[in-house]
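Following: one structure in structure tokens, then a few remarks.
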Amino acid sequence: MIRNDGPAFYRSYRLRILKAPAVSSRSSAMERRTEPMQETVSINGLTLCHKHSDGWVRSTLPDVCRSPDKPVPYTNTAYARDLAKGTTTVFSHGGAMNGIKGSEFYRSFGDEPGSGGGVKSGVHLDRATWLSWSPNVFMEGRNVTRLTDRMLLNKGNTISAGGYFTGPVRDKKNEDLLEEFCKAACACLAAGTMNQRCVAAKLKEWAKANGKNVYPEATYVRSGPKGEWRLLGERADGSLRTSRPPGSRVPDVTDLDNKSIVEGKLSNPKTGFKDRYNPGQESDYQRMAKQNDLTFEKVDFDDCDCDGKGRSKEVRKREAEQAAQDLSVAQTLMSVASFAARRNPVGLFLDMLFTASPAY
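Numbering (the UniProt record's numbering), first residue to last: 1 to 360.
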């Protein structure tokens, strides 16, 4: 379900419902995380699945189980903390096993009363397995699994068309700035002036109106014996110097409040223009951030939803492909539901059997 409470300009996956399903009473207190895990690894622009993640997957079609003999639909949920059969030599996020093709979440929750087992799988509370993965990123010779990759749950008794969910690879402190960057870029596109100067002007107006120490196109130069990147000093009026000596770098935005630099890549769907990194530019920004204790954020205009729909073209395409591939599974469950209805005319929540859960 996509939020529609006001304009949503930044197409990150935080626009989907971020509240994870309640932790089952079967989970031990040691497995509950008091602070959300900060995701730091991106695979094809999507969050990596790993065992230390707060990620989860939830069925979007009913998990129909005999309870104990009559079929009843349940919502099934599995968690990344239960990742098994993942990497054994490649780790991330403090030594965490990573998800790869053939790995699984070894247990699931939500269908506890279905002791008669799933109508398709014959079991309940069973594993979640992957249906999709990265096409070109591998660990230990197997494809890596990521945010939105689809999964079967309860040993194939149901499916999650929405796929695996976790937080985006992004520092939450910068969300407002990234949202404003997209808002400015969308406004410039609508005005027919899609360029960096227009975006910078709108960001300056926003920063001034809100009392923020945010400076578009501030200049960094190398200094000292090691040639470390340093921000040019302030003028008498408090603004940052914007001269550009040879060899300098100018990130699109410097946020002194949140200690961040942002580089945005604009594009114009009307003309086909697409901004790209210059040679060495991205690596310089990464060193710049490290040497100045800053967060380096990247934002692509393709991730800016000027229509307010909250999903990128890539996500919409992937959802369409998933829907087509999920059709056979849905038809199987529909047949099971029809059979159950014939055996039990009164039915148990039959409406739910024919209604897929909303995407999340």
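Heads up, the beta-carbon is just placed ideally off N, CA and C, and yes, glycines get one too.
- The closest CA to that of Pro73, considering only Trp206, His124, Ala185, Thr40, is found on His124.
- Contact between Asn174 and Glu282 does not hold, since their C-beta atoms are separated by about 17 Å, which reaches or exceeds 8 Å.
- Using a 10 angstroms sphere on the CB of Val119, the tally of other CB atoms reaches 16 or more, which defines it as buried.
- For Met139, the secondary structure class from DSSP, reduced to helix, strand or coil, is strand.
- Residues of the same chain with a CB within less than 6 Å of the CB of Leu256, apart from the 5 flanking positions on each side, are Asn213 in chain order.
- Residue environment: Asp252 is assigned as buried (16 or more neighbouring CB atoms within 10 Å of its CB, all protein chains considered).
- Spatial neighbours of Met97 in its own chain (CB-CB distance under 7 Å, excluding positions within 5 residues in sequence) are listed in chain order as His50, Lys51, Leu83, Gly86, Thr87, Phe91.
- Looking from the CA of Ser248, the closest CA among Leu232, Thr254, Lys259, Val262 belongs to Leu232.
- Measuring C-alpha to C-alpha distances from Met151 to each of Ala207, Gly94, Asn76, Lys202 identifies Asn76 as the nearest.
- In the structure shown, the three-state DSSP call for Leu178 is helix.
- Looking at the DSSP output, Arg230 sits in a beta bridge with Val221.
- The secondary-structure analysis by DSSP pairs Pro216 across a beta bridge with Val253.
- In this structure, the alpha-carbon of Val144 lies about 8 Å from that of Pro135.
- Apart from the 5 residues on each side of it in sequence, Glu228 sits with its Cβ closer than 6 Å to the Cβ of Gln291 in its chain, given in chain order.
- A buried status is given to Lys202, since no fewer than 16 other beta-carbon atoms sit within 10 Å of its beta-carbon.
- Bounds of the alpha helix (DSSP H) holding Glu205 are 196-209.
- When the five nearest sequence neighbours on each side are left out, the beta carbons in the same chain lying within less than 6 Å of the beta carbon of Thr254 are those of Tyr215, Ala218, Ile261, in order along the chain.
- In the same chain as Trp206, and ignoring 5 residues on each side of it, the C-beta atoms closer than 6 Å to its own belong to Glu180, in chain order.
- Leu46 sits close to Arg146, with the two beta carbons spaced by under 8 Å.
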